[in-house]
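*Asks:*
Number of protein chains: 2
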Amino acid sequence: MSNSTDSEIIPRFPPDRCGLALAAGVLGDKWVLMIIRQLFYGVARFEDIRAEIGVPKSVLSARLSSLIEQGIVAKRPYKPEGGRTRYEYHLSRTGFDLAMSLLALLEWGNRHLDLAGAPIGPVRRSDRSKLRVALLDEEGSEVALQDIRLADLSKSC
Amino acid sequence: MSNSTDSEIIPRFPPDRCGLALAAGVLGDKWVLMIIRQLFYGVARFEDIRAEIGVPKSVLSARLSSLIEQGIVAKRPYKPEGGRTRYEYHLSRTGFDLAMSLLALLEWGNRHLDLAGAPIGPVRRSDRSKLRVALLDEEGSEVALQDIRLADLSKSC
DNA sequence: ATCCTGGGTTTGAATTTTGAACTTAGCCTG
DNA sequence: CAGGCTAAGTTCAAAATTCAAACCCAGGAT
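What follows is the structure, given as structure tokens:
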């Protein structure tokens, strides 16, 4: 009932108003993040995805269906020259918009988890300079995590 | 074996060099993201976490142990005035660094998922202006997602 | 005609998750 | 001091999920 400490850095809100709780429902699965990662990499075919991450076919089938149903992935037929029609999976706009989340997660994993080799991360296409994820205000200047709180967005200025 | 399309927006790298694959191993669970969300909100006690998100005790116990083992969460005793010693869980530095990922996920959920009410999100503490997650270069100017690629960070300039 | 391959579905065994019951430790009350 | 209460777990059997392997099917290639 009561709060446990007085260290309320961030006020609490009901879960159903928080996109994070919903997002957790979508992405909180061992394979879903891996599958979406593959789709970002341009791996589009069922068998390619399965082979690269080692997910069982039945699970891949189920997860892709669910992602399609949720509008995150789209399935479309295509025909390789002189082959029969096959299918490929690709991210919808909604799915593509997960990019920033994945980059943030990548950055975190690079920094804190045990990588086997040199890390990879986002660089600017033109000059290859390193990039990082940050919080910006409306004017485009950076805001530190300590200077924020969560608030109802409908009534903030 | 071969790539499925020629639309290689992002080059492929082996999973063991990618923090994202590791991060997926840590966060790819229905309850873990929810638990970490609670910890961010300042909910620190076992029973409080359990009650707010409805996770079974056995699962909460297992997940917290695993998060502690991975250095994401720390457990510490505390004594409420005139009560016996209890324990509270809080995010370690590593855990706290997930903040940016969670904010990105929150933003995505707010934009694309079906919220029950008005969304909540990060605002600047001082003036309550809305904030958003973005990619920055070293000078602090914003870079669009279309202008990036993933690269080996050890050899980029 | 038969084989091969991509994209699945089915199946039954192994694993995980679940909720309920039980445990433990210490404070508080009578 | 006996008994109750609570937070924080643990244990257990039943239910749900996952897994690997087998099977299916369509169309092209041999």
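Line by line, the protein sequences are chains F and E. One point on numbering: in this note's numbering, the residue at position 18 of the first sequence is 618, and numbering is uninterrupted. One point on numbering: in this note's numbering, the residue at position 144 of the second sequence is 744, and numbering is uninterrupted. No residue lacks a Cβ here, since even glycine has one placed at the ideal position from N, Cα and C.
What does V743 of chain E reach in chain F if we use C-beta pairs closer than 7 Å?
*Replies:* Walking along the second sequence from the start, residue 743 of chain E turns up at place 143. Per Cβ cutoff of 7 Å: R724 and L731.
*Asks:* Counting only runs of 4+ residues fully inside the segment 635-719 of chain F, write out the alpha helix (DSSP H) ranges in chain order.
*Replies:* 646-653, 657-669, 693-696 and 699-712
*Asks:* Can you list, in chain order, the residues of its chain with a C-beta nearer than 7 Å to that of L706 of chain E? Leave out the 5 residues immediately preceding and following it.
*Replies:* Looking up residue 706 of chain E in the second sequence gives position 106. Excluding residues within five positions, the ones whose Cβ falls inside 7 Å are G721.
*Asks:* How many angstroms separate the CA atom of I636 of chain E from the CA atom of G682 of chain F?
*Replies:* Taking the first residue of the second sequence as 1, we reach residue 636 of chain E at position 36. Taking the first residue of the first sequence as 1, we reach residue 682 of chain F at position 82. Rounded to the nearest angstrom, the gap between the Cα atoms of I636 of chain E and G682 of chain F is 51 Å.
*Asks:* Verify the CB distance criterion: does K630 of chain F have a CB-CB separation below 8 Å to chain E?
*Replies:* Stepping through the first sequence from its first residue, residue 630 of chain F is reached at position 30. Chain E, which has a Cβ nearer than 8 Å to the Cβ of K630 of chain F, makes this yes.
*Asks:* Three Cβ pairs or more, each shorter than 8 Å: is that satisfied between the segment 643-653 of chain F and the segment 683-697 of chain F?
*Replies:* yes
*Asks:* In angstroms with no decimal places, state the Cα-to-Cα distance between E739 of chain F and G642 of chain E.
*Replies:* What you label residue 739 of chain F is simply residue 139 of the first sequence in a count that begins at 1. What you label residue 642 of chain E is simply residue 42 of the second sequence in a count that begins at 1. The straight-line gap from Cα to Cα measures roughly 30 Å.
*Asks:* Just to confirm, is the Cβ distance from R749 of chain F to V723 of chain E under 8 Å?
*Replies:* As a first step, residue 749 of chain F must be located in the first sequence, where it is residue number 149. As a first step, residue 723 of chain E must be located in the second sequence, where it is residue number 123. Closer than 8 Å, so yes.
*Asks:* In this structure, what does DSSP give as the bridge partners for K730 of chain F?
*Replies:* By one-based count along the first sequence, residue 730 of chain F stands at place 130. For K730 of chain F, which the question treats as bridged, DSSP gives the partners F:V723.
*Asks:* Do we get a CB-CB distance below 8 Å when we pair E738 of chain F with the residues of chain E?
*Replies:* The residue labelled residue 738 of chain F in the question sits at position 138 within the first sequence. Chain E, which has a Cβ nearer than 8 Å to the Cβ of E738 of chain F, makes this yes.
*Asks:* Secondary structure at L753 of chain E, three-state DSSP: helix, strand or coil?
*Replies:* Taking the first residue of the second sequence as 1, we reach residue 753 of chain E at position 153. Coil at L753 of chain E, not helix or strand.
*Asks:* Is the shortest distance between the beta-carbon of S661 of chain E and the beta-carbons of chain F less than 8 Å?
*Replies:* Counting from one through the second sequence, the residue named residue 661 of chain E turns up at place 61. So no, S661 of chain E is outside the interface.
*Asks:* Just the Cα atoms here: how many angstroms apart are S729 of chain E and L703 of chain E?
*Replies:* Counted from its first residue, the second sequence places residue 729 of chain E at position 129. Counted from its first residue, the second sequence places residue 703 of chain E at position 103. If I take the Cα positions, the gap works out to 15 Å.
*Asks:* Just the C-alpha distance for G654 of chain F and A624 of chain E, rounded to the nearest angstrom, thanks.
*Replies:* Numbered from 1 along the first sequence, position 54 holds the residue referred to as residue 654 of chain F. Numbered from 1 along the second sequence, position 24 holds the residue referred to as residue 624 of chain E. Their Cα atoms are separated by approximately 14 Å.
*Asks:* May I ask you to report which of helix, strand or coil DSSP gives T605 of chain E?
*Replies:* For the purposes of this step, residue 605 of chain E is identified with residue 5 of the second sequence, where counting begins at 1. Low confidence applies to T605 of chain E: its pLDDT is 35, below 50, so where it sits in the model is not reliable, and the reading given next is rough at best. Residue state, collapsed to three classes: coil.
*Asks:* Strictly below 7 Å CB to CB, what residues from chain E border L639 of chain F?
*Replies:* As a position in the first sequence, residue 639 of chain F is number 39, starting the count at 1. Correct list: empty, because the minimum Cβ distance to chain E is about 10 Å.
*Asks:* Chain F partners of G709 of chain E, CB-CB under 7 Å?
*Replies:* The residue labelled residue 709 of chain E in the question sits at position 109 within the second sequence. Within chain F, the residues near G709 of chain E are G619, L620, L622 and A623.
*Asks:* Looking at the C-beta of I748 of chain E, does it have a partner C-beta in chain F at a distance below 8 Å?
*Replies:* For the purposes of this step, residue 748 of chain E is taken as residue 148 along the second sequence, with counting starting at 1. Chain F, which has a Cβ nearer than 8 Å to the Cβ of I748 of chain E, makes this yes.
*Asks:* Below 7 Å on C-beta distance, what does E721 of chain E contact in chain F?
*Replies:* Translated into the one-based positions of the second sequence, residue 721 of chain E becomes position 121. Looking at the sequence shown, residue 721 of chain E is not Glu but Gly. Those are L750 and L753, listed as they occur along chain F.
*Asks:* Provide the residue(s) that pair with L736 of chain E in DSSP beta bridges, ordered along the chain.
*Replies:* Counted from its first residue, the second sequence places residue 736 of chain E at position 136. Answer by DSSP bridge pairing, in chain order: F:R732 and E:E742.
*Asks:* Determine the direct distance from the alpha carbon of V673 of chain F to that of R693 of chain F, and round the result to whole angstroms.
*Replies:* Counted from its first residue, the first sequence places residue 693 of chain F at position 93. Counted from its first residue, the first sequence places residue 673 of chain F at position 73. Straight-line Cα distance between these residues: approximately 9 Å.
*Asks:* Shorter than 8 Å from the beta carbon of R728 of chain F to some beta carbon of chain E?
*Replies:* For the purposes of this step, residue 728 of chain F is taken as residue 128 along the first sequence, with counting starting at 1. It does: the Cβ of R728 of chain F has a partner Cβ on chain E nearer than 8 Å.
*Asks:* Where C618 of chain F and R711 of chain E are concerned, what is the direct C-alpha to C-alpha distance, given to the nearest angstrom?
*Replies:* Here residue 618 of chain F refers to the residue found at position 18 of the first sequence. Here residue 711 of chain E refers to the residue found at position 111 of the second sequence. Rounded to the nearest angstrom, the two C-alpha atoms are 11 Å apart.
*Asks:* Does any residue of chain E bring its CB to less than 8 Å from the CB of A718 of chain F?
*Replies:* The residue you call residue 718 of chain F lines up with position 118 of the first sequence. Residue contact check for A718 of chain F against chain E: a CB pair falls below 8 Å.
*Asks:* Can you give me the C-alpha to C-alpha distance between I609 of chain E and F640 of chain F, rounded to a whole angstrom?
*Replies:* As a first step, residue 609 of chain E must be located in the second sequence, where it is residue number 9. As a first step, residue 640 of chain F must be located in the first sequence, where it is residue number 40. The predicted position of I609 of chain E is uncertain, since its pLDDT is 45 and thus under 50; a value taken from the coordinates is nonetheless stated next. Near 8 Å, if we compare the C-alpha coordinates of F640 of chain F and I609 of chain E.
*Asks:* Out of F:L627, F:V659, F:Y678 and F:S666, which one is the CA nearest neighbour of A644 of chain F?
*Replies:* Translated into positions along the first sequence, residue 644 of chain F becomes position 44. If we check each option's Cα against that of A644 of chain F, F:Y678 comes out closest.
*Asks:* Buried or exposed: where does P680 of chain E fall if 16 or more other Cβ atoms within 10 Å of its Cβ makes it buried?
*Replies:* In the second sequence, the residue the question calls residue 680 of chain E occupies position 80. Counting Cβ neighbours within 10 Å, P680 of chain E comes out exposed, since fewer than 16 surround it.
*Asks:* Please list the partners that A674 of chain E has in chain F, where partner means a Cβ-to-Cβ separation under 8 Å.
*Replies:* In the second sequence, residue 674 of chain E corresponds to position 74, counting from 1. Residues of chain F passing the Cβ test: none, with the nearest at roughly 14 Å.
*Asks:* Could you round the C-beta distance between L622 of chain E and L713 of chain F to whole angstroms and report it? I think they count as a contact, below 8 Å.
*Replies:* Sequence index remark: in the second sequence, residue 622 of chain E carries index 22 (1-based). Sequence index remark: in the first sequence, residue 713 of chain F carries index 113 (1-based). Contact annotation, L622 of chain E with L713 of chain F: C-beta distance approximately 4 Å; criterion of less than 8 Å satisfied.
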